[in-house]
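Notes for the one structure printed next.
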Amino acid sequence: MDQQTIKTISAGELLSETLRLKNESYRLVAITCTNKDGMELSYSFEKNNDLLTLRFVTDTEEEIASISIMYSYAFLYENEIKELFGVNIKDISIDFNNTLYKIPVTTPFKKKEGEK
Amino acid sequence: MGNRTVIPFGPQHPVLPEPIHLDLVLEDETVVEAIPRIGYIHRGLEKLVEKKDYQQYTYVAERICGICSFMHGMGYCMAIESIMDVKIPERAEFLRTIWSELSRLHSHLLWLGLLADGFGFESLFMQSWKLREQVLDIFEETTGGRVIFSVCDIGGVRKDISAETLKKIDNIMNSMEKEVKEITEVFLHDSSVKMRTKGVGVLSKQMAFDLGAVGPMARASGIDLDLRTTGYAAYGKINLQPIVEQDGDCYARTSVRMREMFQSMDIIKQCIALIPDGDIKVKVTGNPTGEHFTRVEQPRGEVVYYAKANGTKYLDRVRVRTPTFANIPALLETLKGCSLADVPILILTIDPCISCTER
Chain A
-2 MDQQTIKTIS AGELLSETLR LKNESYRLVA ITCTNKDGME LSYSFEKNND
48 LLTLRFVTDT EEEIASISIM YSYAFLYENE IKELFGVNIK DISIDFNNTL
98 YKIPVTTPFK KKEGEK
Chain B
28 MGNRTVIPFG PQHPVLPEPI HLDLVLEDET VVEAIPRIGY IHRGLEKLVE
78 KKDYQQYTYV AERICGICSF MHGMGYCMAI ESIMDVKIPE RAEFLRTIWS
128 ELSRLHSHLL WLGLLADGFG FESLFMQSWK LREQVLDIFE ETTGGRVIFS
178 VCDIGGVRKD ISAETLKKID NIMNSMEKEV KEITEVFLHD SSVKMRTKGV
228 GVLSKQMAFD LGAVGPMARA SGIDLDLRTT GYAAYGKINL QPIVEQDGDC
278 YARTSVRMRE MFQSMDIIKQ CIALIPDGDI KVKVTGNPTG EHFTRVEQPR
328 GEVVYYAKAN GTKYLDRVRV RTPTFANIPA LLETLKGCSL ADVPILILTI
378 DPCISCTER
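Note that the protein sequences, when read in sequence, are chains A and B.
The first sequence: position 116 = 113 (our numbering), numbered continuously.
The second sequence: position 20 = 47 (our numbering), numbered continuously.
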């Protein structure tokens, strides 16, 4: 079966780490956000069936660089996370400005004040 | 440069079983850009994990899609089983593989019918869906359902298939093979069909990789990406080679799916020959702690299930990345340069599933 590795990085290292993986011919498989003790962003890449995930924790204030400049198809993942979690992702190649899903609730996965 | 016109395509359109909207920017009759809009059927199913416990969520996962419902349930169960280090019985692995391949068979037949309907070949559409009915009948006989089966569970499967029914399925596969061969002749060799698919919407191997295409979309462009080769369920115990074509056009995508139907029938027959006796489920107790990414090959390609658990019965997160979500960027690229008249067929050849995509 495939191997799974999670590598913790800082938000500032995202672009350089992604560029390294791009140069090594990794395929972007998914970007996942989990809201638990902060916004945990996981960028999963695959090569030869092995999965490598870059991970860091951020908040909704910090500006996160878009990786769509390297992986053009990241724009859908990034729009989804921006709209559902309220993560501040900047410079997405195609930015739907929180209208990808046209939902009536603003950032449904972002915890409201006082919510555990 | 010709006159530029923007033509809205969808969200309601005769070739679209589900709503997606594209703004097509045209120069005369040629598409120069396509801008997608989704969000018409977003149901917030990932959010529901906060309200349903990890065992109840199996039923939610199945309802992500009405076509690959079994494989969604299986992908979710596999993620939880990996977190909890649960080894399911071998018979359950084979049963999961049989139902998965029946799902692929019915999905591809459904798609072929839609494609035939898309280019106006109504008798071919009806013939494809007539064949699909036989697969739905097998589902009904073995699970009780034709769309949602509820047979996959954490720890195995809920229902067994008797030796007598397996023999019957084997016979159906033999007769179906002949019938599928007949429609293959039309889909791949009829001149009027080839005129609509050959050389249309070409996606090169490099572009397919650069745009993250998966499933038949990637394999039709020469990428041998097929998660079944990683050996999950019973796939590690049977003979299986990814079906790959090189041309990357609508014809190649059709050909990949046609050949995959024969492969699915062969896999089902291999499973029936090899399936061992024994239990179909192990008892799972306690709550999961940890996280896991599971990847499964659905009819449309790779689906990713991510689950993160905290030791309670409610998970912190379930995230589903579906194949159509991954194939939309490749679709947008192939639309560039095509004729307006070819847009419906081109959209159909990625086999879009919007319910999956939006969840």
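Ideal Cβ positions, reconstructed from N, Cα and C, are used throughout, including at glycine.
Cβ pair residue i, residue j closer than 7 Å
i        : j        : result
B:Leu132 : B:Met288 : yes
B:Thr351 : B:Arg327 : yes
B:Pro379 : B:Arg118 : no
B:Ile165 : B:Ile210 : no
B:Gly228 : B:Asp274 : no
B:Ile94  : B:Ser134 : yes
B:Met105 : B:Thr321 : yes
B:Met345 : B:Val76  : Sequence check: residue 345 of chain B is Val here, not Met. Yes, they are a contact pair.
A:Leu97  : B:Gly37  : no
B:Val358 : B:Ile377 : According to the sequence as given, residue 358 of chain B is Leu; it is not Val. Result yes, Cβ atoms of B:Leu358 and B:Ile377 sit closer than 7 Å.
A:Pro105 : B:Lys74  : yes
B:Val213 : B:Gly145 : no
B:Thr169 : B:Ile188 : yes
B:Thr224 : B:Tyr278 : yes
B:Ile125 : B:Ile307 : no
B:Ser80  : B:Lys340 : Looking at the sequence provided, one finds Asp at residue 80 of chain B rather than Ser. It is a contact, given that the beta carbons lie within the stated cut-off.
B:Ile68  : B:Arg386 : no
Buried versus exposed call for residue i [16 or more other C-beta atoms within 10 Å across all chains shown]
i        : result
B:Ser382 : buried
B:Glu318 : buried
A:Lys79  : buried
A:Asn45  : exposed
B:Met222 : exposed
A:Asn76  : buried
A:Asp47  : exposed
B:Val370 : buried
B:His216 : exposed
B:Gly147 : exposed
A:Gln0   : exposed
B:Ala368 : exposed
B:Pro35  : exposed
B:Glu45  : buried
B:Gly226 : exposed
B:Pro315 : buried
B:Thr384 : buried
B:Phe190 : Note that residue 190 of chain B is Ala in the sequence shown here, rather than Phe. When all chains shown are included, B:Ala190 counts as exposed.
A:Val102 : exposed
B:Lys363 : exposed
Other residues of its chain near residue i: CB distance less than 8 Å, five sequence neighbours each side excluded
i        : result
B:Gln161 : Ile199, Met203
B:Lys232 : Ser248, Gly249, Ile250, Gln273, Gly275
B:Pro116 : Gly183, Gly305, Asp306, Ile307, Lys308, Val309
Cβ-based neighbour list, residue i, same chain, cut-off 6 Å, excluding 5 preceding and 5 following
i        : result
A:Ala27  : Ser41
B:Ile62  : Asp50
B:Ile299 : Leu193, Asp197
A:Ile6   : Glu14, Leu51, Phe53
B:Ala88  : His99, Gly100, Tyr103
B:Ser127 : Met98
B:Val283 : Pro243, Arg246, Ala247, Ile270, Glu272
Collapsed DSSP secondary structure at residue i in the structure displayed
i        : result
B:Tyr333 : strand
B:Thr351 : helix
A:Thr116 : Outside the modelled stretch of chain A, which goes from -2 to 113, sits residue 116 of chain A, for which no answer is possible.
A:Ser90  : coil
B:Asp436 : In the structure displayed, chain B extends from 28 to 386; residue 436 of chain B sits before or after that span and is not available.
B:Cys179 : strand
A:Leu18  : helix
B:Lys79  : coil
B:Met98  : helix
B:Asp293 : helix
B:Cys92  : coil
B:Gly328 : strand
B:Pro35  : strand
B:Ser218 : helix
B:Asn198 : helix
Same chain, Cβ closer than 7 Å to residue i, five either side skipped, listed in chain order
i        : result
B:Val241 : Leu252, Gly328, Glu329, Pro350, Ala353, Asn354
A:Ser65  : Ala71, Phe72, Glu75, Ile89, Ser90
A:Ala8   : Phe53, Thr55, Glu59, Ile61
B:Ser109 : His319, Thr321
B:Gln82  : Ile181
Check: residue i C-beta below 6 Å from any heavy atom of the ligand PLP
i       : result
B:Gln82 : The ligand PLP is not part of this structure, which contains no ligands at all.
* **Short-range partners of chain A found in the stretch 62 to 76 of chain B, where Cβ spacing is below 7 Å** => Here the close residues are Ile65, Gly66, His69, Gly71, Lys74.
* Which residues, in chain order, does the stretch 320 to 331 of chain B contribute to contact with chain A at a C-beta distance below 9 Å? -> Residues Phe320, Arg322, Glu329, Val331.
* **Contacting positions in the stretch 82 to 108 of chain A - beta carbon closer than 9 Å to chain B** => Flagged, chain order: Ile91, Phe93, Thr96, Leu97, Tyr98, Lys99, Ile100, Val102, Pro105, Phe106.
* To do: Please name the residues in the stretch 350 to 367 of chain B whose beta-carbon is closer than 7 Å to at least one beta-carbon of chain A, in chain order.
  => Contact annotation: in the stretch 350 to 367 of chain B, residues whose CB is within less than 7 Å of a CB in chain A are Phe352, Ile355, Pro356.
* To do: Note down, in chain order, all residues in the stretch 35 to 68 of chain A with a beta-carbon under 9 Å from any beta-carbon belonging to chain B.
  => Residues of the stretch 35 to 68 of chain A whose Cβ lies closer than 9 Å to any Cβ of chain B, in chain order: Glu37, Ser39, Ser41, Glu43, Asn46, Leu48, Thr50, Tyr68.
* Closer than 8 Å, Cβ to any Cβ of chain A: which residues of the stretch 40 to 58 of chain B, in chain order? -> Flagged: no residues at all.
* **Residues within the stretch 233 to 253 of chain B neighbouring chain A, beta-carbon criterion of under 8 Å** => Answer set for the stretch 233 to 253 of chain B: Phe236, Asp237, Leu238, Gly239.
* Quick one: which residues of the stretch 79 to 107 of chain B get their C-beta closer than 8 Å to a C-beta of chain A? List them in chain order. => Result list empty, no residue passes.
* Asked: Using a beta-carbon distance cut-off of less than 9 Å, what residues from the stretch 253 to 270 of chain B approach chain A?
  -> Correct list: Leu254, Thr256, Thr257, Gly258, Tyr259, Gly263.
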